[in-house]
Amino acid sequence: MADGTSLATSSGGGLIRSGWLPNWIPAWCPTSLSHLVEAEEKMLQCIKSPYSKELLLISDGNRIWTLSFVHTTSNKTPIVLLHGFGGGVGLWALNFDALCKDRSVYAIDMLGFGRSSRPPFDENAERVEAQFIMSIEDWRCALDLEQMILLGHNLGAYLASAYSLKYPSRVKSLILVEPWGFTDRPDNPDEERQIPIWIKALGAMLSPFNPLAGLRIAGPFGPGLVQRLRPDFKKKYSSLYDDDTVTEYIYHCNAQAPSGETAFKNMTVSYGWARRPMLQRIDKLHPDIPITVIYGARSCIDGSSGKNLHLVRPNSIVDTVAILGAGHYVFADQPEDFNQKVSEICDSVD
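All residue numbers for the sequence shown refer to numbering that gives the first Met the number 0, where the first residue is 0 and numbers rise by one.
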């Protein structure tokens with residue numbers, strides 16, 4: 000097109016409107032959909048339980064990549080896993096076998112992430128949120144699930160809450176793991192957890208770009224960059240893999256067209272605070288829906304959301320659980336404790 004904008008094919012087969020820079024990046028980055036498929040298959044090869052995988056068609060021609068662990072003899076409410084920002088279904092590799100022992104488990108790549116379609120998102124934060132919510136509801140309808148236990152990590156926790164506000168009859172229980180986007184941005188910038196000057200400078204420089212733009216700009220150095228910046232991921236999954244399987248998966252999830260990444264950027268203000276903090280409206284959630292907030296005791300994420308939820312929902316069940324020895328990725332840091340606690344929460348609502 001004459002204005003430097005073209006249409007690129009998304010991982011789900013849809014079209015993404017993008018400018019010259021995103022079109023140039025794939026040739027520079029050592030990634031592709033086939034690379035992501037291969038990386039995900041390596042992540043999932045350790046799973047012992049039977050499961051199916053498919054791209055489920057939803058509205059607007061988009062598709063949601065889905066792993067289904069269907070328990071044919073159980074009447075228990077299924078649990079649905081929503082990953083965090085930059086994640087995908089493969090990061091639940093340490094949890095699937097334990098969680099699907101006596102109930103069905105579903106995990107999806109959220110719209111704009113992983114192997115799901117990567118459509119254009121609105122620039123308005125409220126409308127972006129609505130796009131995510133509708134994609135989850137369309138997906139639920141496609142599988143004909145009557146009710147779900149929704150478990151979300153990070154951004155997934157925020158979207159699970161937003162979905163529950165709109166479709167309360169479909170949610171039996173809400174499990175928020177290290178939730179993002181609940182608290183308001185501090186009025187005093189000095190209170191922003193004493194952000195180092197170099198991070199503020201970098202944030203100002205990269206503000207016009209998506210959060211992970213540097214990963215794509217790094218081109219062939221991108222995979223090594225992930226390994227150097229996040230060596231902890233290799234350690235988290237060391238019981239399953241002794242190579243770079245996890246960091247390769249994370250790289251290929253995030254070096255693709257930045258659809259969900261752009262959506263997230265449009266939902267935030269400086270340094271990652273939510274434009275529409277969830278605590279401002281979570282009191283409107285149906286009082287019969289119990290909420291459990293799970294934190295890693297070693298996490299650097301603000302842990303006040305659980306306490307604040309108690310304050311705004313005084314007549315509803317709100318439990319807060321701290322997993323000892325775990326950081327932000329609780330489900331990978333201490334998977335046995337996490338799986339046991341999640342199973343107990345699920346059993347308590349059935």
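Ideal Cβ placement from N, Cα and C applies to all residues, glycine included. All values derive from a computational prediction rather than experimental measurement.
Selected residue, minimal CA-CA separation from residue i, among the options
i: Tyr328; options: Asp318, Ser304, Arg275, Phe232; result: Phe232
i: Thr122; options: Gly305, Gly295, Arg274, Pro286; result: The question names Thr, but residue 122 in the sequence shown is Glu. Looking at the Cα atoms, Arg274 is the closest of the given residues.
i: Val79; options: Pro257, Ile135, Thr72, Glu125; result: Ile135
i: Cys299; options: Pro178, Leu56, Arg312, Cys99; result: Pro178
i: Tyr240; options: Ser33, Ile46, Cys28, Gly326; result: Ile46
i: Leu284; options: Ser342, Gly151, Ile316, Gly218; result: Ile316
i: Pro185; options: Gly324, Ile57, Val176, Trp272; result: Trp272
i: Asp349; options: Ser73, Val69, Ser51; result: Ser73
i: Thr246; options: Arg297, Gln255, Arg227; result: Arg227
i: Ile344; options: Leu35, Lys52, Leu175; result: Leu175
i: Gly180; options: Leu54, Arg139, Ser304, Ala256; result: Ser304
i: Leu278; options: Leu158, His34, Asp346; result: Leu158
i: Tyr166; options: Arg139, Glu53, Met266, Asn338; result: Arg139
i: Asn153; options: Tyr50, Phe330, Glu37; result: Phe330
i: Glu37; options: Arg297, Met266, Cys252, Ala321; result: Cys252
Per DSSP, cross-strand counterpart(s) of residue i
i: Ala106; result: Leu66, Leu80
i: Met147; result: Val170
i: His34; result: In the DSSP output, where bridge partners are listed per residue, His34 has none listed.
i: Ser51; result: Ser67
i: His152; result: Val176
i: Tyr294; result: Ala321
i: Ala273; result: Thr267
i: Leu56; result: Arg62
Distance between residue j and residue i (C-alpha atoms, nearest Å)
i: Ile286; j: Phe220; result: Sequence check: residue 286 is Pro here, not Ile. If you take the alpha carbons of Pro286 and Phe220, they lie about 49 Å apart.
i: Gly87; j: Ala129; result: 20 Å
i: Leu164; j: Val170; result: 9 Å
i: Pro29; j: Asp318; result: 44 Å
i: Asp183; j: Val268; result: 11 Å
i: Tyr248; j: Glu40; result: 9 Å
i: Gly155; j: His82; result: 5 Å
i: Gln125; j: Phe131; result: Note on identity: in this sequence residue 125 is Glu, with Gln being the wrong assignment. The straight-line gap from Cα to Cα measures roughly 10 Å.
i: Gly324; j: Pro230; result: 18 Å
i: Asp143; j: Ala262; result: 27 Å
i: Leu149; j: Arg102; result: 13 Å
i: Ile57; j: Gly326; result: 35 Å
i: Asn209; j: Lys264; result: 6 Å
i: Ala256; j: Ser237; result: 29 Å
i: Gln44; j: His34; result: 16 Å
i: Asp242; j: Ser347; result: 38 Å
i: Ser67; j: Leu54; result: 11 Å
i: Pro119; j: Asp137; result: 17 Å
i: Asn338; j: Tyr105; result: 15 Å
Cβ-Cβ separation, residue j to residue i (assumed contact under 8 Å), whole Å
i: Ser48; j: Cys99; result: 5 Å
i: Arg117; j: Ser31; result: Actually they do not touch by this definition, with Cβ atoms about 13 Å apart.
i: Leu308; j: Ile290; result: 6 Å
i: Gly89; j: Met42; result: 3 Å
i: Ile293; j: Lys340; result: 7 Å
i: Ile281; j: Ser160; result: 6 Å
i: Leu224; j: Glu260; result: Rounded, the Cβ-Cβ distance is 16 Å, inconsistent with contact.
i: Tyr250; j: Pro222; result: 5 Å
i: Gln146; j: Thr244; result: That belief does not hold up - the Cβ atoms of Gln146 and Thr244 are roughly 35 Å apart, past 8 Å.
i: Arg215; j: Ala254; result: 6 Å
Chain C within 7 Å of residue i, Cβ atoms only
i: Ala38; result: Annotation note: the requested chain C is absent from the structure, which comprises a single protein chain.
Cβ contact check for the stretch 55 to 75 and the stretch 107 to 114: 3 or more pairs under 8 Å: The stretch 55 to 75 is in contact with the stretch 107 to 114.
Touch test, the stretch 90 to 106 against the stretch 314 to 334, Cβ-Cβ under 8 Å, three pairs minimum: As far as the Cβ criterion goes, the stretch 90 to 106 touches the stretch 314 to 334, which means the pair count is three or higher.
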